[in-house]
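*Asks:* If you count the sequence shown from 1, you need to add 261 to reach our numbering.
Here it is: the structure, laid out below.
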Amino acid sequence: MIPLMASVWVLIASVLVTWVLSLVTREYSWVDRIWSIVPVLYVWIFAGATGFTDLRLMLMASVVTLWGARLTFNFARKGGYGRGGQDYRWSILKKRMPAPAFQVFDLLFIAGFQNLVLWLIAMPAYFAYQNRATPFGLLDIVLLVLFAAALVGETIADEQQWRFHLRKHAAGTAGEATGDKPFLTRGLFRLSRHPNYFFELAQWYLFFGVGAVAAGTVLQFSALGPLLLTVVFIGSTIFTESISRGKYPQYDAYRRTTSGLVPWFPRRTSADTAS
């Protein structure tokens with residue numbers, strides 16, 4: 262129970278620090294700034310509790326570290342760690358909500374709930390720690406390889422999005438038209454409006470699978486991690502797309518033809534059928 266309690270203390274500290282910083286700085290992306298860091302810390306707490314000798318936990322910690330390194334790099338290059346680098350959606354949401362309601366939302370959801378989700382998605386490591394006697398086998402290998410594959414998929418999606426926005430910014434700076442599609446519709450974004458979300462979720466469902474293999478059951482509280490992360494992403498998608506639909510008249514046509522999350526072939530429209 263010692264490593265579990267250590268992870269709980271990190272969770273409590275994360276909630277308090279991110280909430281206080283949001284009050285002091287009036288920026289609300291402090292959880293975003295630790296999003297790629299604290300799950301890595303949680304998993305290494307359990308790996309360290311074995312003296313770094315358990316193969317399953319060492320591999321779990323290693324793939325999560327790769328996940329964290331990639332996400333940290335992607336967040337940093339977008340200026341997320343700099344002053345004023347908060348998610349633009351928080352400012353929009355703050356304007357739409359009464360001030361007292363937003364402060365409650367800040368404490369309970371932004372700082373509280375999101376940190377809880379980050380703790381839960383790492384908790385398959387706790388079940389791997391509790392069930393160290395379970396042999397490391399082929400299913401573990403398959404799940405971890407698929408985790409790595411999903412990590413590659415998310416890296417590709419983020420890179421495509423990054424390069425698109427660089428071209429869009431360059432065109433805007435030069436005073437050129439950005440084209441009929443001021444949002445990305447090519448590459449993986451031709452198959453899904455949010456492929457990066459799909460691969461992110463896939464990684465944490467697969468990570469949960471490794472913990473379930475160790476425990477011999479899927480009936481464990483860590484199942485709430487990927488499930489609640491899915492709820493967060495769905496809510497984020499709905500809010501983000503409401504903004505995009507208001508900014509870009511073409512976005513509704515993109516929504517009609519392109520899968521929201523799971524990559525799939527674009528749907529044909531009535532205009533395509535008629536032609």
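Where a beta carbon is used, it is the ideal one built from N, C-alpha and C, also for glycine.
Would you mind reading off the limits of the alpha helix (DSSP H) that contains D513?
*Replies:* Here residue 513 corresponds to residue number 252 of the sequence shown, with the count starting at 1. Looking at the DSSP string, the run of the alpha helix (DSSP H) that includes D513 is 512-518.
*Asks:* Tell me the residue span of the alpha helix (DSSP H) that contains V474.
*Replies:* The residue you call residue 474 lines up with position 213 of the sequence shown. It spans 456-476 - the alpha helix (DSSP H) in which V474 sits, taken as one unbroken run.
*Asks:* By a C-beta neighbour count over all protein chains shown, 10 Å radius and 16 as the cutoff for buried, is W296 buried or exposed?
*Replies:* By 1-based counting over the sequence shown, the position of residue 296 is 35. By the neighbour-count rule (16 or more Cβ atoms within 10 Å), W296 is buried.
*Asks:* Nearest-angstrom Cα distance between R357 and V292?
*Replies:* Taking the first residue of the sequence shown as position 1, residue 357 is located at position 96. Taking the first residue of the sequence shown as position 1, residue 292 is located at position 31. Using only the alpha carbons, I get a separation of about 21 angstroms.
*Asks:* What separation, rounded to the nearest whole angstrom, lies between the Cα atoms of R350 and K339?
*Replies:* On the sequence shown, position 89 is the one that residue 350 refers to. On the sequence shown, position 78 is the one that residue 339 refers to. Approximately 15 angstroms between the Cα atoms of the pair.
*Asks:* Cutting at 8 angstroms between CB atoms, please list the residues of its own chain near P264, excluding the five before and the five after it.
*Replies:* Locating residue 264 in the sequence shown gives position 3, where the first residue counts as 1. Excluding sequence neighbours, P264 sits near I306, F307, G309, A310, Y387, Y390.
*Asks:* Looking at the unbroken alpha helix (DSSP H) that takes in D293, where does it start and where does it end?
*Replies:* Reading the sequence shown from its first residue, position 32 is the one you call residue 293. Note, D293: alpha helix (DSSP H), 291-295.
*Asks:* Could you pull out every residue in the same chain whose Cβ sits closer than 6 angstroms to the Cβ of T395, ignoring the five residues on either side in sequence?
*Replies:* If you number the sequence shown from 1, residue 395 lands on position 134. Once the five neighbours on either side are set aside, the close Cβ partners of T395 are A475.
*Asks:* V403 to M262, Cα distance in whole Å?
*Replies:* Taking the first residue of the sequence shown as position 1, residue 403 is located at position 142. Taking the first residue of the sequence shown as position 1, residue 262 is located at position 1. The straight-line gap from Cα to Cα measures roughly 29 angstroms.
*Asks:* How is the alpha helix (DSSP H) around T326 delimited, first residue to last?
*Replies:* Taking the sequence shown and counting its residues from 1, the one referred to as residue 326 is at position 65. Residues 316-338.
*Asks:* Drop a sphere of 10 angstroms on the beta-carbon of V304, count the other beta-carbons inside from all chains shown, and report buried for 16 or more, exposed for fewer.
*Replies:* Within the sequence shown, numbered from 1, the residue matching residue 304 stands at position 43. Buried, because 16 or more other Cβ atoms sit within 10 Å of the Cβ of V304.
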